[in-house]
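The structure appears below as structure tokens.
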Amino acid sequence: MAKNFLCLCGKILGKIVEKIKVGILGATGMVGQYLVSLLAKHQWFELTDLVASSKNVGKKYCDVIQHKWILSDGLPDIVKNIRIKSTTDRLTSKLLFSSLDSSIAGDVEEHYAEQGHLICSNAKNHRLRNDVPLIIPEINPEHLSLIKKQHYKGAIITNPNCSTIGLALALAPIHFKFEIRKVIVMTMQAISGAGIDGVSAMQIIDNIIPYISGEEEKIEAETVKVLAKMTNSGLEYPNMKISAQCNRVPVRNGHLESVYIELAKKPNLDEIIKCWKEFNPLKDYQLLSAPNPPIKYFYNNYRPQPNRDRNLGKGMTVSIGHLKKSNVLDYSFIVLSHNVIRGAAGAAVLNGELLVKKAIIEN
């Protein structure tokens, strides 16, 4: 059963003595490549298993990825000679990071959870299950207790959709103090959110696509789950209505969101900004991927901007700006987050780090 996940390998003064073996499910896609880059140099994790499509099984990672690698940093030497495994192979890594396509992620992740692996998943398949935690460590680490309800030998933990993460981090400090009742959000989402082959040049150059299939529903459902209270009987969802409208824009990385909120209590502008500036619940956790602080507020109304601000905090900081009173709801503001790092690969790695601090994984 998925229980007792707290503390792995020895820790001395908060430092990991022995690296934890980890693997990546879906290692050749966009998020998979970012995971490779983040995990290859990680101080706590040893990247051991790389899983990809069956046509590449047995090949060296460097041979498979050499013409597909998209990161400006070169391919890490430590992974070049790792041979690709299939989704049916037995893996030596107890902790797995999944960036699998949703068409196969559900079954594959359950397969490895049943074998005793702990899965940090970026896929959508299990996010809204009642027994699967949807984790943003700064907001709801207590939701990890949901894994006790899972029937696997291991467990599945998920991070939200890339747009949900930026939105939820902006909303949480305000909601916890002043109770948000309504949210209207319009997203301007980077092309990388659709994956390497997701949007053709002819579709996106000199254009904006005013619809992203499934995206609006994810934001509306996932945000309230992230903000839910953990009770003895399960999650207690907030009395919050969310309406989302999503657009694909010709930006490489960085999702920008225009947000309108209505509050039960009526703070002033300075009180809202103070909530954001003082929000740093992970400061004592010593998680390597956690930005300090997680939110950056810009007083300059022309910021944040994707090209200038998406890489703050190594891509893990959420930027907010242009807070003002609204003539429709109470307030409006702009949110920016790096969709592939904070919204995907970095989010999964941060969840893995949280598990090291809060969970037991037997070697």
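In this note's numbering, the protein residues as written are 91 to 453. Even for Gly, the Cβ is constructed at its ideal location relative to N, Cα and C. It should be emphasised that the depicted structure is a prediction, and the values quoted were computed from it without experimental measurement.
Inset, instruction - Classify Met330 as helix, strand or coil using the three-state DSSP reduction. - result: Met330: coil per DSSP, three-state reduction.
Inset, instruction - My understanding is that Asn337 touches Gln279, with C-beta atoms under 8 Å, so please give their C-beta distance in whole angstroms. - result: Indeed they touch by this definition, with Cβ atoms about 7 Å apart.
Legend entry - Where the alpha helix (DSSP H) through Tyr151 begins and ends: Bounds of the alpha helix (DSSP H) holding Tyr151 are 151-155.
Inset, instruction - Output the residue ranges of the alpha helix (DSSP H) runs that lie fully inside the region 143-200 and measure 4 residues or longer, sorted by chain position. - result: Correct list: 151-155.
Inset, instruction - Check each candidate in Ile246, Ile226, Leu190, Ser192 and name the one with the smallest Cα separation from Gln205. - result: Residue Ile246 is the option with its Cα nearest to Gln205.
Inset, instruction - Following the continuous beta strand (DSSP E) through Thr321, name the residue where it begins and the one where it ends. - result: Segment 319-321, the beta strand (DSSP E) holding Thr321.
Inset, instruction - Mind reading off the beta-carbon distance from Leu218 to Lys145? Whole number of angstroms is fine, and I expect it under 8 Å. - result: Taking the Cβ atoms as the reference, Leu218 lies roughly 32 Å from Lys145, outside the contact range of under 8 Å.
Inset, instruction - Kindly confirm or deny that the region 196-205 and the region 126-134 touch, where touching means at least three C-beta pairs closer than 8 Å. - result: Too few Cβ pairs lie closer than 8 Å, so no.
Inset, instruction - Identify, in the order they occur along the chain, each residue of the same chain with its Cβ nearer than 6 Å to the Cβ of Cys210, setting aside the five sequence neighbours on each side. - result: Non-local C-beta neighbours of Cys210 in its own chain, meaning closer than 6 Å and more than five positions away in sequence, comprise Phe187, Ile247, Ala438, Asn441, Gly442, ordered along the chain.
Inset, instruction - Starting from Met276, follow its DSSP beta bridges and name the residues at the other end. - result: Gln335, Ser348.
Legend entry - Cβ pair Val141, Ala117 closer than 9 Å: Contact flag set, yes.
Inset, instruction - Might you give, ordered along the chain, the residues of its own chain that have their beta carbon closer than 7 Å to the beta carbon of Asn401, omitting 5 neighbours on each side? - result: Here the set comprises His428.
Inset, instruction - Identify whether Ala245 lies in helix, strand or coil by the three-state DSSP scheme. - result: Of the three classes helix, strand and coil, the one that applies to Ala245 here is strand, per DSSP.
Inset, instruction - Would you please verify whether the beta carbon of Ala284 is less than 9 Å from any beta carbon of chain B? - result: The displayed structure is made up of one protein chain only, and chain B is not part of it.
Inset, instruction - State buried or exposed for Leu98, treating a residue as buried only when at least 16 other CB atoms are found within 10 Å of its CB. - result: Its pLDDT being 41, under 50, Leu98 is placed unreliably by the model, and nothing is read from it.
Legend entry - Gln240 versus Asn249, Val222, His233, residue with shortest Cα-Cα distance: That would be Val222, whose Cα lies nearest to the Cα of Gln240.
Inset, instruction - Using beta-carbon positions only, say whether Pro371 and Ile255 come within less than 9 Å of one another. - result: Cβ atoms of Pro371 and Ile255: not closer than 9 Å.
Inset, instruction - Output the boundary residues of the alpha helix (DSSP H) element that contains Leu440. - result: Judged by DSSP secondary structure, Leu440 falls within the alpha helix (DSSP H) whose first and last residues are 436-448.
Inset, instruction - Tell me whether Leu426 is buried or exposed, calling it buried when 16 or more other Cβ atoms sit within 10 Å of its Cβ. - result: Buried.
Legend entry - Per-residue DSSP class, three states only, for Asp139: Note: Asp139 maps to strand in three-state DSSP.
Inset, instruction - May I ask which residues mark the beginning and end of the beta strand (DSSP E) holding Ser409? - result: Annotation for Ser409: the continuous beta strand (DSSP E) segment containing it runs 408-415.
Legend entry - Proximity below 9 Å, CB of Pro340 to CB of Ile294: Less than 9 Å separates the beta-carbon of Pro340 from that of Ile294.
Legend entry - For Gly283, the first and last residue of its enclosing beta strand (DSSP E): DSSP places Gly283 outside any beta strand (DSSP E), giving it a letter other than H or E.
Inset, instruction - Look at the alpha carbon of Thr182 and the alpha carbon of Pro300, and state the distance between them as a whole number of angstroms. - result: Computed Cα separation, rounded: 44 Å.
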